[in-house]
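Take a look at the structure set out below.
Chains as they are written, first to last, in the numbering used here: chain P, 3 to 171; chain Y, 92 to 614.
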C-alpha cells in the first residue's frame, strides 16, 4: 500500500507491507523495518532497532494524529479520491473560524486591499480575543460575517483573492 | 452554622448534597459524598447532560442553556432544584458561585447548608482593601505601602515628605495610581534620587488616564513566589493550617503547576507563615476550607495577598502529602462537627506536584483548543492521581474553562515527584484537541525548575519562545501512522461496511477512529 503524507508542505511517500507482526516500510525509499502490535486502549507497541515505544494514533478528517513521549505529531493524509474535488479547489486563502466564537470586529470591507499578516478580523472565543490575519497579499472578495455574529468551527469569515504572482525584486 | 460565625455545637446531619458546579470538581465532590453515604444531586447545562458529573450523581437536573449565566450561575434555579430534590446542603466547588456572598446568604435563608464559610466572611474577604485592613489589624504582614501627600497646584510633590514615606516603605518601591490599573501611572523606583520625579510623572499619567492623579507607593517585591497556606476552621472555634502550596508557575496569572512543600520554605519560615495564616483565619473566625495567599520575597519576607474562601483547584497536593480528604472534612464541618485534626496531628510526608492539563496551545498565546477528545489515555501507577471531568468522546466547548484534568503526583521527595510527573505526562495521550502536555514536560525539565528557583515570572523568563516539537516529523510517528492506516483500510474493505472505501462515506465521516476503535457512545 502506498500512502502520501503531507508534513509541513512536504509530501512524503510511505510504502507499507505487512507480514504478520512484521511491517516493512519504505519512507521515501528508505527501508524502515519494525514490529508493531496493537494494544487494547488505542495504543501501538512498536519495536524498532532503537527499542520499544508506545504510540497512540487517531484520525481527524484528513489529519493523522500521533502521540509519542508527550509530543503530538500531526500529519496530513489527503484522500487521493478527494484531492481533485471542486469544493476543495475553491477554498482559497481566505479565513475561516478555527473554533466556535463571536466576531468582535471585522476590520476590512469587500474590495479592500490586504497584505500578508494584516489583521482582518477579531474573534472572541472563551473570553479571549484573537486577531486573525491575512495569509497572503490580495483583495477581499467577500465578507461573510458581521460584528457580533456567532460563528461555528470552520465557518468561512472572509474570502481573499491573492494577488497574481509577479516577479518582484 | 448557616447564620454566621457564632460558635455552636448543634449537629445537622446532611443527607443529600447538591453540587452547584461541573467538571472535575463536581466529580471530586460527588465521590466524597458517596464515600460518606450522602446522596448527590447534580445540576447541568443542556450541553452537559452526558458529562461525567451529570452521570455520576444520584439525580441530575438540567437547569438551562450552555452559557454559565443561564445555568451554573442561576442562583434561583439552583435553589429551586435543591428544594425540589430535598437537598439539605449545597457544595459550590470553586469558581461559579463559590465566592458569591449573595448565594451563600440565599442558601442560609432557604434553610440549606452552604458548604463553605459564612456570607459575611465571603463578603469581607472578597473586598480586597477591606481584607487587607482586617489582616493588618490581625498582625498578618501585608505589602508595605502608603498614600502620598497631595502635590501642590503645579503638580510638585513635597520632597521631604515623599522621601520620608518611601524610606519607611523601603526601596525599591512601586509608585502606583490609586484609581487605575493596566500599568498606567506606574513607576518602579530603585533609589531616593529618582523618587520625586517618578511620583510627579506617575501622577500626571494617572490624571490623564483616569482623571485622578492620586498615587501611592508600595514596596516592590522582586521575583516573588506565590506561596499559599491551606487553612481550615470549624464552628467550635478551631482553626488550623495544612501547610503550604507553592504556585509560582503561572501563565497569564493562572497557575498551571503547583507543589508542596515549597522548595523555598524552611521549617522556621513554615512555622512563621503558618502562624500568620492561622491568625488570618482567626481574624474572621473562619469556618470550612480556605486559602491564605502570600507573596514570598527572595529574602524570606512574606506578605498577605488575599484569602480565597473556597476549596482551591490545587487542593489535591495538600491531600496527598497530609493524607487528608478536604472535601470530607468540609462536609463534616458544615454539619457542625469539630475539625477531624488538631494542628499537632497534622504532618506531611513526601512531595506532591499538580500539573493542570489544559486544552490550549502554549505555542499560540495559550489559545483554547476546542473540539472532541478523540482519544485519551490517562496514566496510572503508584502515586498518580487524576482529577478529571472529561472522558474520551467528550467535547471541550467554548463555554467553560478548558481544563481537561489535574494530574497530581506524590513521591518520596521533590526529585521523585518531578520524575513521576514527567513519566506520567509522557503517557498522557490526548488526541483531538491541542493540549499543554508537552509544554508541562518542558517546564518540569528546566534546570531552574529542578533547582527549585521559582518565581511568578518563571515562564516569561525561561520559556518565552517555547515552540512545540509536534510538527517535527519523527520517522516513528510517520511509520505508525502508516501502519495504522494500513490496518484501518484493510479492516474497512473486509467488513463490508464500506468505511474508507468510498469517497462519499469518508468525506461525510470526519471523526473516525482507526481500526477497531469506534466513536464513544456507539460501543
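C-beta: ideal position from N, C-alpha, C; glycine also.
Amino acids of chain P, ordered along the chain, whose beta-carbon sits closer than 9 Å to that of residue i
i	result
residue 577(Y)	3, 5, 18, 19, 20 and 25
residue 550(Y)	Those within 9 Å of residue 550(Y) in chain P number zero; the least Cβ separation is about 17 Å.
Counterpart residues of residue i in DSSP-defined beta bridges
i	result
residue 73(P)	70(P)
residue 321(Y)	382(Y)
residue 467(Y)	521(Y)
residue 265(Y)	279(Y) and 309(Y)
residue 257(Y)	Note: residue 257(Y) sits in no beta bridge, so no partner.
residue 47(Y)	Look at the range of chain Y in this structure, 92 to 614, and you will see that residue 47(Y) is not part of it.
residue 79(P)	In the DSSP output, where bridge partners are listed per residue, residue 79(P) has none listed.
residue 163(Y)	None, per the DSSP bridge assignment.
residue 331(Y)	323(Y)
residue 459(Y)	451(Y)
residue 164(P)	140(P)
residue 270(Y)	DSSP lists no partner for residue 270(Y).
residue 37(P)	24(P) and 49(P)
residue 29(P)	16(P) and 32(P)
residue 341(Y)	346(Y)
residue 136(Y)	155(Y)
residue 445(Y)	349(Y) and 499(Y)
Proximal residues of chain Y, C-beta to C-beta of residue i below 8 Å
i	result
residue 45(P)	468 and 520
residue 57(P)	567, 568 and 571
residue 66(P)	572, 575 and 576
residue 79(P)	572 and 576
Chain Y contact residues for residue i, given Cβ-Cβ distances below 9 Å
i	result
residue 29(P)	566, 569, 570 and 573
residue 101(P)	458, 459, 460, 461, 462 and 489
residue 127(P)	458, 459, 461 and 489
residue 107(P)	Under the 9 Å cutoff, chain Y gives no residues; its nearest Cβ is about 18 Å from residue 107(P).
residue 122(P)	What residue 122(P) touches in chain Y: nothing, since even the nearest Cβ is about 17 Å away.
Where residue i falls: helix, strand or coil (DSSP)
i	result
residue 406(Y)	helix
residue 98(P)	strand
residue 85(Y)	There is simply no residue 85(Y) to check, as chain Y begins at 92 and stops at 614 in what is shown.
residue 299(Y)	helix
residue 1(P)	Only positions 3 to 171 of chain P appear in this structure, which leaves residue 1(P) out of reach.
residue 501(Y)	strand
residue 90(P)	The predicted model places residue 90(P) with a pLDDT of 37, which falls under 50 and marks its position as unreliable; any figure quoted below should be read in that light. Looking at residue 90(P) - three-state DSSP - the assignment turns out to be helix.
residue 588(Y)	With a pLDDT of 37 at residue 588(Y), under the threshold of 50, the modelled position of that residue is not reliable, and the figure given next carries that caveat. DSSP places residue 588(Y) in coil when its eight states are reduced to three.
residue 349(Y)	strand
residue 292(Y)	helix
residue 111(Y)	coil
residue 215(Y)	helix
residue 144(Y)	helix
residue 602(Y)	Only weak support exists for where residue 602(Y) lies, its pLDDT of 32 falling under 50; the value from the coordinates is given anyway. Residue 602(Y) falls in the strand class under three-state DSSP.
residue 124(P)	strand
residue 238(Y)	strand
residue 488(Y)	coil
residue 594(Y)	Bear in mind that the predicted position of residue 594(Y) carries a pLDDT of just 32, short of 50, making it unreliable; the figure below should be weighed with that in mind. In the structure shown, residue 594(Y) sits in a helix (DSSP, three-state: H, G or I).
residue 113(P)	coil
residue 562(Y)	Note that residue 562(Y) scores 47 on pLDDT, short of 50, meaning its location in the model is unreliable; the coordinates nonetheless yield the value given after this. Coil at residue 562(Y), not helix or strand.
Interface residues of chain P facing residue i [CB-CB closer than 8 Å]
i	result
residue 516(Y)	72
residue 560(Y)	73
residue 312(Y)	What residue 312(Y) touches in chain P: nothing, since even the nearest Cβ is about 28 Å away.
residue 580(Y)	3
residue 523(Y)	60, 62 and 67
Any non-hydrogen atom of the ligand MG closer than 7 Å to residue i Cβ
i	result
residue 148(Y)	Ligands are entirely absent from the displayed structure, and the ligand MG is therefore not among its contents.
Min CB distance residue i to chain A below 8 Å
i	result
residue 474(Y)	Checking the listed chains, one finds no chain A in this structure; the protein chains it contains are P and Y.
Proximal residues of chain P, C-beta to C-beta of residue i below 7 Å
i	result
residue 114(Y)	By Cβ distance, chain P contributes nothing, its closest Cβ being about 14 Å from residue 114(Y), past 7 Å.
residue 465(Y)	60 and 62
Partner residues on chain Y for residue i, Cβ-Cβ distance less than 7 Å
i	result
residue 38(P)	571 and 574
Practice task
Decide if the segment 134-141 of chain Y is in contact with the segment 151-163 of chain P; the criterion is three or more beta carbon pairs, one per stretch, under 8 Å apart.
Solution key: no
Handout entry: Validate contact between the segment 313-329 of chain Y and the segment 426-437 of chain Y using beta carbons, cut 8 Å, 3 pairs
Key = yes
Practice task
Could you run through the segment 165-195 of chain Y and flag, in chain order, every residue whose CB is less than 9 Å away from some CB of chain P?
Solution key: none
Problem - Stretch pair the segment 153-170 of chain Y + the segment 503-520 of chain Y: three plus CB contacts closer than 8 Å - result: no
Exercise for the section: Would you check if there are 3 or more beta carbon pairs closer than 8 Å linking the segment 330-339 of chain Y to the segment 288-299 of chain Y? Expected result: no
Practice task
For the segment 527-539 of chain Y, enumerate the residues whose C-beta is nearer than 7 Å to any C-beta of chain P, in chain order.
Solution key: 528, 529 and 532
Problem - the segment 482-508 of chain Y: positions lying closer than 7 Å to chain P by Cβ - result: 489 and 493
Exercise for the section: Please determine if the segment 482-497 of chain Y and the segment 56-76 of chain P are in contact, where contact requires at least 3 C-beta pairs separated by less than 8 Å. Expected result: no
Problem - contact_flag[the segment 222-239 of chain Y, the segment 202-213 of chain Y] where n(CB pairs < 8 Å) is 3 or more - result: no
Exercise for the section: Would you be able to state if there are at least three C-beta pairs under 8 Å between the segment 469-477 of chain Y and the segment 105-114 of chain Y? Expected result: no
Practice task
Would you list, in chain order, the members of the segment 139-159 of chain P that have their beta-carbon closer than 9 Å to a beta-carbon of chain Y?
Solution key: 155
Exercise for the section: For the segment 404-412 of chain Y and the segment 237-255 of chain Y, state whether three or more C-beta atom pairs, one from each stretch, are separated by less than 8 Å. Expected result: no
Problem - Three or more C-beta pairs below 8 Å linking the segment 525-538 of chain Y and the segment 472-481 of chain Y - result: no
Problem - the segment 362-378 of chain Y in contact with the segment 456-465 of chain Y per 3-pair CB rule at 8 Å - result: no
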